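Trainee: Below is one structure. I have some questions about it.
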Amino acid sequence: MKTPPPPQSISHTEYDPFRLRPITVSVETQKPGGDEDLARAQLAVWVWAHFLRLHELLGGSSNHLTVTLPLLQATGSTWQVLFAIETEHEIHIWQSFRLPGSDTLLGCYRIMAMLRELRKWSETTFYDWFLGSLLDTTTV
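In terms of the UniProt record's numbering, the sequence shown opens at residue 1 and continues consecutively.
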């Protein structure tokens, strides 16, 4: 059986707009009254694929990664911020906080502020970790 070629993407998806841009935050949306367990399961699959792809990019190391990945789950007008952390043998997803109220102006401003902070984290902390980790594997 022939082994498939490695993915031609820096992210855990072959979707063209994301091939050359690392995904930093996974987002799952559900309509009001949607199944939060199903949304959480989808985020778990995505974050597992995300960690797997990061391991592949970093030379297939079996060591757990030191980065914490933020996740967003929006169900109706309520947003939840979660964090995924890889330990030696598993991935833990921790719920951090809820942001109620994208149905109010104040709630929308809170969500915009949170998204701006996640963007700042992506452009600084994650970017520095990602680039530093890649350089470590290419210079070894």
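Beta carbons: idealized from backbone N, C-alpha and C, even for Gly.
The structure presented is a predicted model; accordingly, all values stated were derived computationally and were not measured.
At a cut of 8 Å, does the stretch 54-61 reach the stretch 100-113 through at least three beta carbon pairs?
Mentor: no
Trainee: I believe A74 touches T29 by the beta-carbon criterion, under 8 Å. Please report the beta-carbon distance rounded to the nearest angstrom.
Mentor: That belief holds up - the Cβ atoms of A74 and T29 are roughly 5 Å apart, short of 8 Å.
Trainee: Step through the CB atoms of chain C and report whether any lies within less than 7 Å of the CB of Q80.
Mentor: No chain C is present in this structure, which holds just one protein chain.
Trainee: In three-state terms, what does DSSP make of H50?
Mentor: Judged by DSSP in its simplified three-state form, H50 adopts helix.
Trainee: Check whether the Cβ atoms of T68 and P100 sit closer than 7 Å, and answer yes or no.
Mentor: Cβ atoms of T68 and P100: not closer than 7 Å.
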